[in-house]
Amino acid sequence: MNNFTYYSPTRIVFGKGTENQVGELIRKDGGSRVFIVYGGGSAVKSGLLDKVVKSIEEAGLVCTSFGGAKPNPTLAHAEEGRKRSIEFGSDYILGVGGGSVIDTAKAIAHGTANPEPDLWDIWYKRAPITKSLPVACVLTIAAAGSEVSGDAVLTNEEVKKKKGFGTDLNRCRFAVMNPELLFTLPRYQLANGITDIMQHTMERYFIPGPSCEMTDEIAEGLLRTVVRNGRKVMKDQTDYDAMAEIMWCGSLSHSDITELGRGKDFSVHKLGQALGSIYDYTHGATLSAVWGAWATYLYKDCPDRFSRYARKVWGVEEEDDLKAAAEGIRRTVAFYKELGMPTSLKEIGLENPTDEEIHVLAMIASYDKTITVTKIKPVDYEGIKTMFEWAKEGILPED
Ligand code: NZQ
Ligand code: ZN
Numbered sequence: 255m256n257n258f259t260y261y262s263p264t265r266i267v268f269g270k271g272t273e274n275q276v277g278e279l280i281r282k283d284g285g286s287r288v289f290i291v292y293g294g295g296s297a298v299k300s301g302l303l304d305k306v307v308k309s310i311e312e313a314g315l316v317c318t319s320f321g322g323a324k325p326n327p328t329l330a331h332a333e334e335g336r337k338r339s340i341e342f343g344s345d346y347i348l349g350v351g352g353g354s355v356i357d358t359a360k361a362i363a364h365g366t367a368n369p370e371p372d373l374w375d376i377w378y379k380r381a382p383i384t385k386s387l388p389v390a391c392v393l394t395i396a397a398a399g400s401e402v403s404g405d406a407v408l409t410n411e412e413v414k415k416k417k418g419f420g421t422d423l424n425r426c427r428f429a430v431m432n433p434e435l436l437f438t439l440p441r442y443q444l445a446n447g448i449t450d451i452m453q454h455t456m457e458r459y460f461i462p463g464p465s466c467e468m469t470d471e472i473a474e475g476l477l478r479t480v481v482r483n484g485r486k487v488m489k490d491q492t493d494y495d496a497m498a499e500i501m502w503c504g505s506l507s508h509s510d511i512t513e514l515g516r517g518k519d520f521s522v523h524k525l526g527q528a529l530g531s532i533y534d535y536t537h538g539a540t541l542s543a544v545w546g547a548w549a550t551y552l553y554k555d556c557p558d559r560f561s562r563y564a565r566k567v568w569g570v571e572e573e574d575d576l577k578a579a580a581e582g583i584r585r586t587v588a589f590y591k592e593l594g595m596p597t598s599l600k601e602i603g604l605e606n607p608t609d610e611e612i613h614v615l616a617m618i619a620s621y622d623k624t625i626t627v628t629k630i631k632p633v634d635y636e637g638i639k640t641m642f643e644w645a646k647e648g649i650l651p652e653d
């Protein structure tokens, strides 16, 4: 087991009716002027926003709301939010929504506490920051894990670049998580979330090296739980217990607990973010569209991890490691198909991409040929290009 530091300071307030505690939670944490960030309107339609405002006002605090964060949230919208937040004199930022809303809230928190630099300069660490406003959230979709992560992701539409920014200043002070709030999710968003949760776990799993029994068991248990309960919620979205499992797995999968002693990779996310930089696809779909090709490219270099995954997560009984590994990849992709997720570039909507388009994607994912990806072996621009080529039709290991 490698050395590690585990830091996950977010207070999780989980269960039915917990959104009514928001005001008290903020008051106890010292907030008085609350800037609420929300998305395209689902929180208004469901009545959640009204409930949150009521809870804040009943706690004797004042608030204002800023809507319009869209999936793959933009830098320009976050800059607009920063302006409004400064005008309002916010001392606490609350995201009510999913990863896109929470990431926008995090950006607004940084931008309000540091009014001078452009957010993009903060994002690129050209303008390093040492303070931010407290940020918290009411989560409405199990997916990105932003409620517990130290990351925030924005898209700069002007330069067509989607980029994450990592800092402990991104950690939410609290996350209110009521699984009932997820009952209104569109089915496709639910499936995207399930995919992202699995990927956050797998991005920390396919790393050869040290023995990390506890970490592996947590990851495998989490993946099995997501598959089992993912099937249940796709059948009945109002199955509270199954939704509660999915929601909790969503947070655990990105709270770093599945990487302790092993580390993380996030190469599938690099490929996905390249797709997300240019095309406005849903985040989970950008991952399911490339994962099969990614795994097919790599599994022969890491049969131990891939065969263990196949046996522990999917119950594959094959004794030969390579054959077992291949079967695990096929079953994962079959599960994504069952969820209705795209498993190739063609299925995501990128029919017959040109050589130039594949080149651009590989350039973005390899940071203009300056990095290699994966911890299984260094995969450079050429390798990434091959992965995208294989993802065109969704190439998988043969039987
Ligand atoms: O905008 P509204 O109207 O709220 O609708 C949203 C949106 O259209 C809808 N939705 C959310 N909760 C709902 C609901 N509709 C009905 N009922 C509800 N309860 O779902 C759609 C998707 O929302 P979004 O916030 O985009 O989803 P998600 O949580 O998947 O976030 C995706 C973003 O997070 C980033 C992704 O790149 C993407 O930009 N990520 C952030 C990470 C982080 N901060 O740690 C890590 C992830 O790997 C990821 O990169
Ligand atoms: Zn993700």
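Reading the sequence shown from the start, the letters are residues 255 to 653 in our numbering.
Here a beta-carbon is modelled for each residue, glycine too, at the ideal position from N, C-alpha and C.
Mind checking which residues open and close the alpha helix (DSSP H) that includes Arg559? Here residue 559 refers to the residue found at position 305 of the sequence shown. Taken as a continuous stretch (DSSP letters only), the alpha helix (DSSP H) holding Arg559 covers 557 to 568.
Mind reading off the beta-carbon distance from Ala363 to Cys391? Whole number of angstroms is fine, and I expect it under 8 angstroms. As a first step, residue 363 must be located in the sequence shown, where it is residue number 109. As a first step, residue 391 must be located in the sequence shown, where it is residue number 137. That pair is no contact at about 11 angstroms.
I need the straight-line Cα distance from Ala332 to Glu513, nearest angstrom please. As a first step, residue 332 must be located in the sequence shown, where it is residue number 78. As a first step, residue 513 must be located in the sequence shown, where it is residue number 259. Spanning the two alpha carbons is a distance of roughly 30 angstroms.
Just verifying my parser: in three-state terms, what is the DSSP assignment at Leu408? Position 154 of the sequence shown, counted from the start, is the residue given in the question as residue 408. Three-state result, Leu408: strand.
Under 7 angstroms from any heavy atom of the ligand NZQ, does the C-beta of Asp405 make it? Position 151 of the sequence shown, counted from the start, is the residue given in the question as residue 405. Yes, the Cβ of Asp405 comes within 7 angstroms of a heavy atom of the ligand NZQ.
Under 6 angstroms, CB to nearest heavy atom of the ligand ZN: contacting residues: What you get when you keep residues with a C-beta closer than 6 angstroms to any heavy atom of the ligand ZN is Ala398, Asp450, Gln453, His454, His523, His537.
Close Cβ partners of Tyr563 (< 7 angstroms) along its chain, the five nearest in sequence each way excluded: Counted from its first residue, the sequence shown places residue 563 at position 309. Once the five neighbours on either side are set aside, the close Cβ partners of Tyr563 are Tyr459, Gly582.
Assess, as a yes-or-no matter, whether the stretch 319 to 329 is touched by the stretch 264 to 283 under the definition of 3 or more beta carbon pairs within less than 8 angstroms. Counting Cβ pairs under 8 angstroms, fewer than three are found: no touch.
Indicate whether Glu246 and Ser505 have their beta-carbon atoms separated by less than 8 angstroms. Because residue 246 is not part of the residues shown, which for the chain are 255 to 653, the question remains open.
Through-space distance from Arg441 to Gly418, alpha-carbon basis: Residue mapping note: residue 418 aligns to position 164 of the sequence shown, counting from 1. Residue mapping note: residue 441 aligns to position 187 of the sequence shown, counting from 1. Computed Cα separation, rounded: 26 angstroms.
Where do the N-terminal and C-terminal ends of the beta strand (DSSP E) with Lys415 fall, by residue? As a working mapping, residue 415 is identified with position 161 in the sequence shown. Its beta strand (DSSP E) spans residues 415 to 420.
Using the three-state DSSP reduction, which class does Cys426 fall into: helix, strand or coil? As a first step, residue 426 is located in the sequence shown; it is residue number 172 there, counting from the start. The answer is coil: DSSP assigns Cys426 none of H, G, I, E or B.
At a cut-off of 7 angstroms, would you count Asn326 as near the ligand NZQ, judging by its Cβ distance to the nearest heavy atom? Start at 1 with the first residue of the sequence shown, and residue 326 comes out as number 72. The answer is yes for Asn326.
Between which residues of its own chain and Arg565 is the CB-CB distance below 7 angstroms, once the five residues before and five after are set aside? Locating residue 565 in the sequence shown gives position 311, where the first residue counts as 1. Closer than 7 angstroms at the Cβ level, and outside the excluded window around Arg565, lie Ala578.
List the endpoints of the continuous beta strand (DSSP E) containing Arg287. Numbered from 1 along the sequence shown, position 33 holds the residue referred to as residue 287. Boundaries of the beta strand (DSSP E) around Arg287: 287 to 292.
Taking a contact to mean a Cβ-Cβ separation below 8 angstroms, would you say Leu476 touches Leu408 in this structure? Here residue 476 refers to the residue found at position 222 when the sequence shown is read from its first residue. Here residue 408 refers to the residue found at position 154 when the sequence shown is read from its first residue. For Leu476 and Leu408, no; Cβs fall outside 8 angstroms.
Sort out for me which residues DSSP pairs Val392 with in a bridge. Residue 392 sits at position 138 when you count from the first residue of the sequence shown. DSSP, once it has assigned bridges, lists Val350, Val430 as partnering Val392.
Can you give me the start and stop residues for the beta strand (DSSP E) that Ile266 sits inside? Residue mapping note: residue 266 aligns to position 12 of the sequence shown, counting from 1. Its beta strand (DSSP E) spans residues 265 to 268.
If you count every other CB in all the chains shown that lies within 10 Å of the CB of Pro433, and 16 or more means buried, which is it? Numbered from 1 along the sequence shown, position 179 holds the residue referred to as residue 433. It counts as buried.
Residue(s) in a DSSP beta bridge with Ser319: Counting from 1 along the sequence shown, the entry for residue 319 is found at position 65. Beta-bridge pairing links Ser319 to Ile290.
Could you give the distance in angstroms between the alpha-carbon of Tyr533 and the alpha-carbon of Ala588? By 1-based counting over the sequence shown, the position of residue 533 is 279. By 1-based counting over the sequence shown, the position of residue 588 is 334. If you draw a straight line from the Cα of Tyr533 to the Cα of Ala588, it is about 24 angstroms long.
His508: beta carbon under 7 angstroms from a heavy atom of the ligand NZQ? Residue mapping note: residue 508 aligns to position 254 of the sequence shown, counting from 1. Because some heavy atom of the ligand NZQ lies under 7 angstroms away, the Cβ of His508 counts as near it: yes.
Could you please give the first and the last residue of the uninterrupted alpha helix (DSSP H) stretch that includes Gly538? Here residue 538 refers to the residue found at position 284 when the sequence shown is read from its first residue. In the DSSP annotation of this structure, the continuous segment of the alpha helix (DSSP H) that includes Gly538 starts and ends at 537 to 552.
Going by C-alpha to C-alpha distance, which of Leu435, Pro462, Thr536, Thr540 sits closest to Ser561? Sequence index remark: in the sequence shown, residue 561 carries index 307 (1-based). Ser561 has its Cα closest to that of Pro462, out of Leu435, Pro462, Thr536, Thr540.
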